[in-house]
Amino acid sequence: LYHDNPFHNFKHASNVCTNANKMMNSITDQDIFRRTSDPLTQFAVVFSALIHDADHVGVPNMILMKERPRLAALYQNKSCAEQNSVDLAWNLLMDPDFSKLQETIFFTKAEFI
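Residue numbers (my numbering): 97 to 209.
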């Protein structure tokens, strides 16, 4: 899911993922702690950090829209790289190979159909 480019690569994603996890673990405010200590919230934050630049080719959205017009059209020229990352990750998450994970994070099958 990650390309070998200078910044938006898997090493960057793993650093963001690690820092997001550290940030959640450092929260001491009780109201915020109750929300962030929920396992599903923790998964969502870490998963989001991990996939936030998936398939990023290393160029800004303005250049990406010129170089990949189909992708730009698909996302109506709005946050193309980011929306593409979410779509790719969602499709991977919905793969039957991850059925046990799906059963864990969704209350009912209707939630992810």
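By construction, the Cβ of each residue, glycine as well, lies at the ideal position given by its N, Cα and C atoms.
- Item | C-alpha gap between N180 and E199, whole angstroms | 25 Å
- Message: Runs of 4 residues minimum, wholly inside the region 160-196: which ones carry the alpha helix (DSSP H) assignment?
- Response: 165-170, 176-189
- Query: Helix, strand or coil for L97 per DSSP?
  - Reply: coil
- Message: Restricting to Cα atoms, I'd like to know which of L136, V141, I147 is closest to H104.
- Response: I147
- Task: Give me the Cβ distance between H99 and G154, rounded to the nearest whole Å; I'm assuming they're in contact under 8 Å.
- Result: 7 Å
- Query: Taking the alpha-carbon positions, what's the R166 to A185 distance?
  - Reply: 19 Å
- Query: R164 to Q172, Cα distance in whole Å?
  - Reply: 12 Å
- Task: Could you spell out the range, first to last residue, of the alpha helix (DSSP H) harbouring T137?
- Result: 135-147
- Query: DSSP three-state call for S122: helix, strand or coil?
  - Reply: coil
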